[in-house]
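In terms of the numbering used here, the sequence shown is residues -12 to 413. Glycine is no exception: its CB is placed at the ideal position from the N, C-alpha and C atoms. Below: the structure, in C-alpha cells.
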Amino acid sequence: MRNLEILIWLPDKDAESLNQTLSILDSRYGIERFDIVGVVGESEVFFQGKNLNNIPLESVPNISFDYVIVSENIRKLSDLSISARIIQRRKKFLAEQIGISSESVVFDFEIYNKWFSFPKVCLVIMFNHRYDQNLPLLQKIYGKRFSEIRFLVPFYDGSDADVIPVYESSWQFQGFFIQAYEKLKNIPCTHYLFVGDDLILHPGFNDTNFITQMNIQNKKFLITHFYQLNLPNRFRWNHTGGSSKPFYDKSTVWRNSLYTYDEAMAKFKDFFGVEYKEVYDKDFFGDPNNPSGNMLGRWNNAEEHSKVVAEFIKSNGGSTKIPYPMAGGYSDIFCVDKGSLFEFSRLCGIFSAMNMFVEIAIPTVAVLTFKKDEVQFFPFGSAKVLWGKDRTDFENKYDKDFNRLYNEWEENILYVHPVKLSRWKV
C-alpha cells in the first residue's frame, strides 16, 4: 500500500512547533502511514532522529505530494493558503480529487479519513505465467499512482507481501479470483481493476481518477466488450469449438451451484434484449466455402468444415441444442465493484473447475451476475490491441523504450495490450 506523501511547509522557522505537530500526527494516525518528502523553509528539522530534506520554494511545483502540513495548530491547517500556481502546476492533487476547494493547498486532517473512504480502485495484476522479473517493473510503473496493488502469480513461493499465489491454468485464469478473494476482500477500495501483466494502462490513470474517468461511480462492472456466443459465424473462433465440453464433463458436479438453464436464459434475455438462440444452426457454423471468414484457420474448405462441425456436435452430447447460454469476449481488463466481488469470483471459480475457457467464462459470469444498466463498456476504439506484425511494429516505433512510450502516449488510447516488459527498457 502506498503511504500518503506529506510536504512540510515551515515559513516561520518554528521547528519545535512542527515537531509537536508531527507527534500529534503520529499519535493520531501512526506516522508509518505517511512519507515525509521534505521541508520547505530554512530550518533544519529532525524527527525521530532523522534530518528531513530541505526543499527550495521554486522546486515545490515539481514535487509529488498528497498534502501539506505546517507548524500551526493541527485543527487550523485549512486556514493557511499557499500560492495557487503550485496547485495549477501539479499533475495530481489529492484535495481536488476528493472535492476540497482548490483555493488552498493546506487542509485539516479530516482528509485522512476521506482518503480511505473516497471511491478508488485496487489494481490487481494477473499473471498468466509466473515471471517474477516483472514484479519490480510493474511496481515502478504503477506504484506512485495506485495506493493498493496486488499481483496474482501462479505457483509463487517468494516473499513479496503484495503477491497472492494462485494455482490455475492460464486458459482458466478466472479461477484466480476466488482463490485470492480472502486476501482481496478487506483492501480499502471500492472497486477492483483487474489487468493482465502485459497490459499497460494510460499513464494518466490513478486509483482515484479511474472511476470518474470511466464513469463507473454507479456501475458494478466494466469491460471492453462481450457478445452472445451463439451468433452467426461465431463458430469461426477456435475456442467456440470446445465451449460445450465443460457442461458434459462428469468430473465436475456443477448444476446445483450455477443458475438453472431457464434462469440463465432469462438473464441473457434481460441483458441483451433478445432470446438466446437454443439451437446451433447453419448461420452459427458459417459458410463452409468461405475460409476467409474463418478467424484462426479452423478450416480451408467444405470438407474440413464438415469435420470440425461434426467434432463440435459430438462434444455437445451429439446434439445441436445448446447446453447453457454463454457469452464471449476480451477479458484481459475488467473492473468489479467491491460488493459484487464474491459472487463474481464464486461463479468464475465454478467455470474454472469446469475447464471453461476464460474468455467465455468471464463474459458469461458478467451476464449472470449483473444487470445491463450495471455494466459499463470501454469506448469503442479506445484500446490498442496488437496482433502479429503489429506487435513488432509497435515495439520498433518506440525502440522498446518504455519511457518513450509513456511520453508519446496517444491520449485517446486507454490501454495497450500486449506489451511484453521483458523486451522493453523500463
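Within the same chain, Cβ atoms closer than 6 Å to the Cβ of Lys207 are found at Asp324, Ser327, Phe357, Glu361, the five residues on either side in sequence being excluded. Beta-carbon to beta-carbon, Leu216 and Ile347 are separated by about 7 Å, close enough to satisfy the 8 Å threshold. Here the alpha carbons of Val403 and Asn202 stand approximately 20 Å from one another. Judged by DSSP secondary structure, Ile136 falls within the beta strand (DSSP E) whose first and last residues are 136 to 141.
Following the DSSP letters along the chain, one finds Gly336 inside the alpha helix (DSSP H) bounded by residues 328 to 340.
In its chain, beyond the 5 residues on either side, no residue has a beta carbon closer than 8 Å to the beta carbon of Lys384.
Scanning its chain for C-beta atoms nearer than 6 Å, with the 5 sequence neighbours on each side dropped, one finds around His226 the residues Phe344, in chain order. Cβ atoms of Asn41 and Val26 come within 8 Å of each other, at about 6 Å.
Boundaries of the beta strand (DSSP E) around Lys371: 370 to 372. In this structure Ser293 is not in contact with Ile300, their Cβ atoms being roughly 11 Å apart against a cut-off of 8 Å. For Leu216, there is no enclosing beta strand (DSSP E), since its DSSP letter is neither H nor E.
In this structure Lys387 is in contact with Arg410, their Cβ atoms being roughly 6 Å apart against a cut-off of 8 Å. Comparing alpha-carbon positions, the option among Ala370, Phe367, Val406, Val150 lying closest to Glu382 turns out to be Val406. Its Cα nearest to that of Gln120, the residue Asp147 stands out among Val372, Glu155, Cys322, Asp147. Its chain contains Cys109, Glu135 as the residues whose beta carbon lies nearer than 7 Å to that of Ile174, once the 5 sequence neighbours on both sides are disregarded; these appear in chain order. Around the beta carbon of Ile400, a 10 Å sphere encloses fewer than 16 other beta carbons of the protein chains shown; the residue is thus reported as exposed. A residue is called buried when at least 16 other Cβ atoms come within 10 angstroms of its Cβ; Arg132 meets this threshold and is buried. Under the three-state reduction of DSSP output, Asp324 falls in the strand class. Taken in chain order, the complete alpha helix (DSSP H) segments of 4 residues or longer contained in the stretch 258 to 317 are 269 to 272, 289 to 302.
In the pairwise beta carbon analysis, the stretch 164 to 172 is classified as touching the stretch 334 to 343: at least three pairs are separated by under 8 Å.
Distances from the alpha-carbon of His178 to those of Ile309, Cys322, Ile(-5) put Cys322 closest. Take the alpha-carbon of Asp149 and the one of Met313: they are about 34 Å apart. Per DSSP, the continuous beta strand (DSSP E) segment holding Asp22 begins and ends at 21 to 27.
Exclusion of the five residues before and after Tyr263 leaves Gln215, Asn217, Met252, Phe255, Lys256, Pro312 as the residues of its chain whose Cβ lies within less than 7 Å of its Cβ.
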